[in-house]
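First comes the structure, then the notes that go with it.
Residue numbers (the working numbering): 329 to 1236.
So this is what it looks like as structure tokens:
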């Protein structure tokens, strides 16, 4: 049978009455429908050059996946723990992650699941997947090199019988070691299929090891530091002929980083804790084996600064130059090595060599300024074909959660000018939903299904063609991976859901949110061509949409309300500005798209709430100063503006329109009495102020019919909802079965569910006394405060009674709420979001707690002040913003749910 979305049922009875005890509440099986943006705690990156996917690991156990065409996904580990290593098994849709707790995880991207995890018994200090295989090298704190293999058939990691200890390796290489030291780097040598691997130990010992023959090819480290000099040109202000002497007593240096610095793996660059970089030639055998006569030719030194106290070289990466010109060398990317206290930069050195290491010179140096503290960097190859390894892009990850990139072509063409080094331009990582630049201020999500006039005019704007991210220059966007669902690629699909965001710069952006890939549709500009409007660029503070006539209303902090008719037109048209009794008409010329055609100004106070009438011809507006106005878009007039706060100037937090006549036919005696009474108008505007005052206003004349203080102790009203001709008592007391996913329950869980249903039936009997009418259903008014939820009979309130039907005290402070509706558009549940990050689902009208979840559990997010202002909901889908992250979580399973359409990354 279809059941409520339960992941776990705790021991005890059914739903909790009122505030409830958290320990007895069932857990929502909420899912992340989509996630956009770079996580705040991002720390490490990996790239699959074949599938063209970028993975970003975090400090809190999350992994973000970026593909092409707005395809993004988030993987969340069962444990909140930092990742220290992250690598793809290329072209297999598999990602290997190693945590700080030495747990090795295997993630399957097709199913977006953790397929396997294995706990390593020692501290992992180095890790590398062998390209083109399911094998991986692992180095630990004791100097042991191990080999793992992922078995694709049984989905598990297998520890191979092969391993090499530091003592056996030193013995084979003829090098005496006094103590055990960790492996700090593992580099499989290019073009050897992983049979040769460079192993770096903490105290400077380097060994190129042949796994198949079990012997050392080359050994570097102790005693090999008698160098003639250093590479010139690497220091910021060094002269071309500067050569510094090298201290021959530096026998041991702690290794911090390393990378291959040649196309075939003959040279390795090693960064040390002293700030030095040494280039080692790994082609010759060790001098200790009697086959080397000139040690100095095996190593040269790079020094980025001349000071005595320099930063450790934390990161090294190499990008090979042209394969046709071997003298070009390549680019060495360095983080660290500068003087202590210097500006944090990523240094790019262009190295050239005509005849071995002795001829290496630094042709240019470019310092890339960082947007925040450095976290990681990665070079993106132009293609997965091995002989085409030109770098197409450089991605730099900085804290907190900022990702910038450089065009690889611009980096390679950078040359030193007469005055200073050329500085390539950094670009921000393109985002699907901007949240910071520009800053998002308000959002809403609208379902367009089941309407009399579905979104016919919106279909053509949901372009299904592949559109590359907006980037400058001639750069080709390197992330193209991921496979969207077939349904989302159909050009003739109807737009069933839209997501709308208002911004601090006054603009509004709209996306097609039918599928779990948000597709940008259009941007509503704040400006009107050739017309100067005071406050036009003020922050957007409220949104409203009428699907009947496809009209958007945008309220701003300047009090200006702009209206857009979503009917495309181009060329000349008229723009109307209405202020009080005045009206201005301007002839404007604009291009294609949607444009503002009417603007109203009835107050200089910020707009707090907007609501269209059912016909869409009139708009109710609530202001920060407590005023309420009604605009008539068809007559281009301000119908009225009235103070609804009895002089307190308390902000209006919510307005709603209610038609008494339209609801009376199915209603009980109290509501019919109002409809037939000459004392009451046919249509009213309901205004809720922050200090808990509800005002009933004649929507035609603006006369105040009643003004009620709902609760004298409350001063923190959030929202109100009019439940018109709601579902029957039985339907309202529990979620409808057609919304509930199939999830088998057995044993005690079945018993608990039965108890919940019995409890709901008993509640229905109690609730029946709340509706004294003999037939029909009275419309209800639900009002949410920070610490209480009140339920009223709307008919009684219009007549002047503030007596509530239900009062439920909340044990936590609420900051946002939403109504949950069934497919018949009837209210059946209430969603509450608390300042603790808890999301709670309650029944209507009993307001019993049905289930809950938390942002920390779902997204690893902590609650932040003001988060509720950018939350929005549509039929069980909740959109949230946290810094640069945007997410939609799905509370239910239905025909129009995001989970019907998956985004997957599959092997090619």
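Just so it is clear, CB atoms sit at the ideal spot from N, CA and C, and this is done for glycine as well.
Please give me, in chain order, every unbroken run of the beta strand (DSSP E) with length at least 3 that falls completely inside the region 368-405. 370-376, 381-386, 390-394, 400-404
Option in 642, 735, 831 with minimal Cα separation from residue 764:
In the chain shown, residue 764 corresponds to position 436, counting from 1. Taking only the C-alpha atoms, the option nearest residue 764 is 831.
With a 10 Å radius around its C-beta and 16 neighbouring C-beta atoms as the bar for buried, classify residue 637 as buried or exposed. Your numbering for residue 637 matches position 309 in the chain shown. Looking at its Cβ environment, which holds fewer than 16 other Cβ atoms inside 10 Å, residue 637 is exposed.
Distance between residue 585 and residue 601 (C-alpha atoms, nearest Å)
In the chain shown, counting from the first residue as 1, residue 601 sits at position 273. In the chain shown, counting from the first residue as 1, residue 585 sits at position 257. In a straight line, the C-alpha of residue 601 is about 9 Å away from that of residue 585.
Have a look at 1203, 659, 445 and flag the residue whose alpha-carbon is nearest the alpha-carbon of residue 423. For the purposes of this step, residue 423 is taken as residue 95 along the chain shown, with counting starting at 1. 445 is the residue among 1203, 659, 445 whose C-alpha sits nearest the C-alpha of residue 423.
Exercise for the section: Determine the burial state of residue 1213: buried for a count of at least 16 other Cβ atoms within 10 Å of its Cβ, exposed for fewer. Expected result: Reading the chain shown from its first residue, position 885 is the one you call residue 1213. Result: buried.
> residue 1048 by DSSP, collapsed to three states: which one?
Replying inline: Working through the chain shown from its first residue, we reach residue 1048 at position 720. The answer is strand: DSSP assigns residue 1048 an E or B state.
Helix or strand or just coil, what does DSSP make of residue 352?
If you number the chain shown from 1, residue 352 lands on position 24. In the structure shown, residue 352 sits in a helix (DSSP, three-state: H, G or I).
Contact set for residue 675: own chain, Cβ-Cβ below 8 Å, skip 5 residues either direction:
In the chain shown, counting from the first residue as 1, residue 675 sits at position 347. Excluding positions up to five away in sequence, the list reads 632, 661, 662, 663, 665, 666, 693, 694, 695, 696.
Can you tell which of 583, 588, 593 has the C-alpha that lies nearest to the C-alpha of residue 603?
Here residue 603 refers to the residue found at position 275 when the chain shown is read from its first residue. Selected option, being the one with the closest Cα: 583.
Hey, how far is the Cα of residue 1168 from the Cα of residue 462? Start at 1 with the first residue of the chain shown, and residue 1168 comes out as number 840. Start at 1 with the first residue of the chain shown, and residue 462 comes out as number 134. Residue 1168 and residue 462: Cα-Cα distance of roughly 44 Å.
Please classify residue 499 as buried or exposed, where buried requires at least 16 neighbouring CB atoms within 10 angstroms.
Against the chain shown, residue 499 aligns to sequence position 171. The residue is exposed, with fewer than 16 neighbouring Cβ atoms inside 10 Å.
With a floor of 4 residues, list each alpha helix (DSSP H) that falls wholly inside the region 471-521, ordered by position along the chain. Qualifying alpha helix (DSSP H) stretches, in chain order: 494-501.
For my contact list, residue 1175 and residue 1108 are in at a C-beta cut-off of 8 Å; report their separation, rounded to the angstrom.
-> The count along the chain shown starts at 1 and reaches residue 1175 at position 847. The count along the chain shown starts at 1 and reaches residue 1108 at position 780. With 8 Å as the limit, residue 1175 and residue 1108 do not qualify as a contact, their Cβ atoms being about 11 Å apart.
Taking only heavy atoms of the ligand GDP into account, decide whether any of them is closer than 7 Å to the Cβ of residue 902. Ligands in the displayed structure: none, and consequently the ligand GDP is not present.
| Going by beta carbon distance, what residues of the same chain come within less than 6 Å of residue 975, once the five residues before and after it are set aside? | Within the chain shown, the letter at position 647 stands for residue 975. Nothing listed; no residue qualifies.
Contacts around residue 1216, its chain only, beta-carbon distance under 6 Å, and the 5 residues preceding and following it disregarded: Locating residue 1216 in the chain shown gives position 888, where the first residue counts as 1. So the qualifying residues of the chain are 361, 362, 1205, 1207.
Margin query: If I measure Cβ to Cβ from residue 450 and keep anything under 8 Å in the same chain, skipping five residues before and after, which residues do I get?
Written below: Working through the chain shown from its first residue, we reach residue 450 at position 122. Counting only Cβ-Cβ distances below 8 Å, and skipping sequence neighbours, we find 430, 468, 469, 470, 472.
- Item | Whole-Å CB distance - residue 767 paired with residue 726, under 8 Å assumed | Translated into the one-based positions of the chain shown, residue 767 becomes position 439. Translated into the one-based positions of the chain shown, residue 726 becomes position 398. 19 Å between Cβ atoms; not a contact.
Within 10 angstroms of the Cβ of residue 776, are there 16 or more other Cβ atoms? Answer buried if so, exposed if not. Here residue 776 refers to the residue found at position 448 of the chain shown. Buried, since its Cβ has 16 or more Cβ neighbours within 10 Å.
- Task: Given a cut-off of 8 Å, decide if residue 861 and residue 878 are closer than it, judged by their beta-carbon atoms.
- Result: One-based indexing of the chain shown puts residue 878 at position 550. One-based indexing of the chain shown puts residue 861 at position 533. Between residue 878 and residue 861, the CB-CB gap reaches or exceeds 8 Å.
Cross-strand partners of residue 985 (DSSP beta bridge): Stepping through the chain shown from its first residue, residue 985 is reached at position 657. Residue 985 pairs with 1013.
(Q) So if DSSP puts residue 924 in a beta bridge, which residue, or which two residues, is it bridged to? (A) The residue labelled residue 924 in the question sits at position 596 within the chain shown. Paired residues: 892.
**Request:** For residue 495, count neighbouring C-beta atoms within 10 Å of its own C-beta (all shown protein chains included) and say buried if the count is 16 or more, exposed if not.
**Result:** To locate residue 495, count along the chain shown from 1; it is residue 167. Exposed is the call here.
### Query
To which residues of the same chain is residue 880 closer than 6 Å at the C-beta, ignoring the five residues directly before and after it?
Within the chain shown, the letter at position 552 stands for residue 880. Taken in chain order, the residues that qualify are 873, 892.
When you compare the CB positions of residue 966 and residue 959, do they come within less than 8 Å of one another, or not? Here residue 966 refers to the residue found at position 638 of the chain shown. Here residue 959 refers to the residue found at position 631 of the chain shown. Yes, the pair counts as a contact, with Cβ atoms nearer than the cut-off.
Beta carbon of residue 981, beta carbon of residue 956: below 8 Å? Residue numbering aside, residue 981 sits at position 653 when the chain shown is read from its first letter. Residue numbering aside, residue 956 sits at position 628 when the chain shown is read from its first letter. In this structure, residue 956 does not lie closer than 8 Å to residue 981 by Cβ.
ask   = What residues in its chain sit with their C-beta under 8 Å from that of residue 703, if we drop five residues either side in the sequence?
value = Here residue 703 is taken as the residue at index 375 of the chain shown, counted from 1. For residue 703, where only same-chain residues beyond five positions count, the Cβ hits under 8 Å are 370, 371, 372, 725, 726, 727.
Review point. How would you call residue 489, buried or exposed, if buried means at least 16 neighbouring beta carbons within 10 angstroms?
Key: For the purposes of this step, residue 489 is taken as the residue at position 161 of the chain shown. It counts as exposed.
State the Cα-Cα distance for the pair residue 1029 and residue 1124, rounded to the nearest angstrom.
Start at 1 with the first residue of the chain shown, and residue 1029 comes out as number 701. Start at 1 with the first residue of the chain shown, and residue 1124 comes out as number 796. Each residue's alpha carbon lies about 22 Å from the other.
For this session: Would you identify the three-state DSSP class for residue 642, choosing helix, strand or coil?
Result: As a working note, residue 642 is residue 314 in the chain shown. Looking at residue 642 - three-state DSSP - the assignment turns out to be coil, as it is neither helix nor strand.
| request: With DSSP collapsed to three states, give me the class of residue 781. | output: Numbered from 1 along the chain shown, position 453 holds the residue referred to as residue 781. Annotation note: pLDDT 47 at residue 781 (below 50); position unreliable, coordinate value reported separately. Residue 781: coil per DSSP, three-state reduction.
request  = Entirely within the region 670-747 and at least 3 residues each: give me those beta strand (DSSP E) ranges in chain order.
outcome  = 673-680, 689-697, 701-709, 719-727, 730-735
Neighbour-count burial assignment, residue 1158, 16 or more Cβ in a 10 Å radius:
Indexing the chain shown from 1 puts residue 1158 at position 830. The residue in question, residue 1158, is buried, as its Cβ has 16 or more Cβ neighbours within 10 Å.
Check your understanding: On the three-pair Cβ rule with 8 Å, is the region 1182-1201 touching the region 1143-1157?
Key -> The region 1182-1201, when compared against the region 1143-1157, does touch it at the 8 Å Cβ threshold.
Determine the contact status of residue 390 and residue 399, defining contact as a CB-CB distance below 8 Å.
-> Numbered from its first residue, the chain shown carries residue 390 at position 62. Numbered from its first residue, the chain shown carries residue 399 at position 71. No.
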